[in-house]
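Novice: Note that my numbering gives residue 16 to position 16 of the sequence shown, counting from 1, and the numbers run on in steps of one. All residues carry an ideal CB built from backbone N, CA and C; glycine is no exception. None of these values were measured; they are calculated from a predicted model.
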Amino acid sequence: MAASFNRLVRFIPKSNSSAVLLGQPADGAVDVGAALRAGKEVLVDIFSGKSALSPGEKTGKTEAIERVLSPLAQEEIGTIRCIGLNYAQHAKEVKMELPTLPTLFLKPETALADPWPTPFTIPKSTVGDDTTDFESELAIVIGRAAKDVSEAEALDYVLGYTAANDISARAAQFAQSQWCFSKGFDGACPIGPVLISSKAYDVNKLRVRGIKNGRVLQDCGADDLIFSVSKIVSFLSQGTTLKPGTVILTGTPAGVGHGFTPKEYLRDGDEFSVEILPGIGTLTTAFVNEK
């Protein structure tokens with residue numbers, strides 16, 4: 001599948017607060033999320049399309065980002081697929097055997113959220129638990145309908161990759177066998193800031209870091225994945241159509257907040273960043289209690 005971009009951002013421009021535009025950062029090396037968080041201007045070469053699924057071509061126009069959005073909108077993605085326990089170091093950390101098949105759970109489309117400055121609001125029902133946790137993840141975006149695809153052809157169906165935070169309420173998670181409730185709150189899956197083309201970047205050379213209030217707690221290469229991107233896409237497509245726009249979270253590396261003593265849970269006023277380099281950059285989320 002040919003892609004007309006290397007790095008794609010969806011954003012609101014400074015020139016028109018009611019417009020949503022799509023384009024490629026003019027500076028091919030800029031970390032869009034980190035630059036915006038630092039108050040720096042980020043210029044984008046505008047594309048003619050309105051969706052990452054059909055970005056069109058460069059128009060020759062350039063705009064500055066006022067606010068960056070998730071690479072895809074809620075109405076484009078359907079149900080979010082998530083893979084659990086998919087890093088070898090993480091399996092060792094939690095003293096679990098390596099799985100023989102991918103473990104799947106789901107998040108609703110309402111969990112999708114934009115990068116900073118959009119915050120995650122810790123729900124009233126979980127504020128008292130004080131167990132809101134982070135999971136830094138590489139996310140796959142499907143570019144065309146995939147069903148019963150082989151591992152060998154799976155990457156042909158991948159549009160690109162972005163960063164995600166699988167925000168979780170641990171007390172609720174450990175209280176039941178199914179994870180959809182504890183990980184499915186509104187806004188509990190911020191993604192972005194940049195969608196990189198699967199043709200332009202080698203996924204095995206990407207590095208995932210999780211950073212809480214400036215402290216690096218997670219740091220691992222995507223080459224530590226137990227199940228590769230090809231395996232995940234092929235497995236999930238067996239008997240099931242993965243529509244264009246489907247977002248698949250690939251699991252989190254070692255270093256989640258629950259694994260520390262004392263626990264490194266997220267509280268009102270905290271910021272957590274998922275950094276994936278090269279290409280994707282930094283996805284930052286601020287955390288606030290629901291009033």
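#1: Could you work out which residue in E264, W179, G192 is closest to G281 when comparing CA atoms only?
#2: Compare the beta carbon distance of S234 and A175 with 7 Å and say whether it is the shorter of the two.
#3: Where K92 and Q218 are concerned, what is the direct C-alpha to C-alpha distance, given to the nearest angstrom?
#4: DSSP three-state call for E76: helix, strand or coil?
#5: Considering only the beta carbon of each residue, do V247 and A222 sit closer than 7 Å?
#6: On the three-pair Cβ rule with 8 Å, is the stretch 72-81 touching the stretch 238-257?
#7: Looking at A146 and S237, is the spacing between their C-beta atoms short of 7 Å?
#8: Taking 7 Å as the threshold (C-beta atoms), are I276 and V208 in contact?
#9: Run through DSSP, which three-state label would G259 get?
#10: Per DSSP, Y157 forms a beta bridge with which residues?
#11: Can you tell me which residues form a DSSP beta bridge with Q24?
#12: Fully enclosed by the stretch 196-271, which beta strand (DSSP E) runs are 3 residues long or longer?
#13: With H, G and I counted as helix, E and B as strand and the rest as coil, what does DSSP make of Q126?
#14: Do D133 and V256 come within 7 Å of each other at the CB atom, strictly closer than that value?
#15: In terms of residue numbering, what span does the alpha helix (DSSP H) encompassing S136 cover?
#16: Quick one: grab the DSSP three-state call for G84.
#17: Keeping to the same chain, check which residues put their C-beta closer than 6 Å to that of A2; ignore five residues upstream and five downstream.
#18: Around the C-beta of Q24, are 16 or more other C-beta atoms found within 10 angstroms, so that it is buried, or is it exposed?
#19: Using the Cα positions of K291 and S4, report the straight-line distance between them to the nearest angstrom.
#20: Specify, as a first and last residue, the run of the alpha helix (DSSP H) that A64 falls within.
#21: Return helix, strand or coil for L36, following the three-state DSSP convention.
#22: Can you tell me where the beta strand (DSSP E) with A172 in it begins and where it stops?
#23: Apply the 10 Å Cβ neighbour rule to P117 and answer buried if 16 or more other Cβ atoms are within range, or exposed otherwise.
#24: My guess is that F120 and K212 are in contact by the Cβ rule of under 8 Å, so how many angstroms apart are they, rounded?
Specialist: The structure says:
#1: G192
#2: no
#3: 14 Å
#4: If DSSP states are grouped into helix, strand and coil, E76 belongs with the helices.
#5: No, the Cβ-Cβ distance between V247 and A222 is not below 7 Å.
#6: yes
#7: yes
#8: In terms of Cβ geometry, V208 and I276 form a close pair [threshold 7 Å].
#9: helix
#10: Per DSSP, none; premise fails for Y157.
#11: D45
#12: You should have 207-212, 215-221, 247-249.
#13: It should be pointed out that residue 126 corresponds to Thr in this sequence rather than to Gln. Of the three classes helix, strand and coil, the one that applies to T126 here is helix, per DSSP.
#14: yes
#15: Note, S136: premise wrong, no alpha helix (DSSP H); beta strand (DSSP E) at 136-142.
#16: Three-state result, G84: strand.
#17: Residue placement at A2 cannot be trusted, given a pLDDT of 44 that sits under 50; what the coordinates show is reported in the next sentence. Closer than 6 Å at the Cβ level, and outside the excluded window around A2, lies no residue.
#18: Looking at its Cβ environment, which holds 16 or more other Cβ atoms inside 10 Å, Q24 is buried.
#19: 44 Å
#20: A64 -> not in any alpha helix (DSSP H); beta strand (DSSP E) instead, spanning 58-69.
#21: helix
#22: Element bounds for A172: not the beta strand (DSSP E) but the alpha helix (DSSP H), 170-174.
#23: exposed
#24: The Cβ separation is near 13 Å, so there is no contact.
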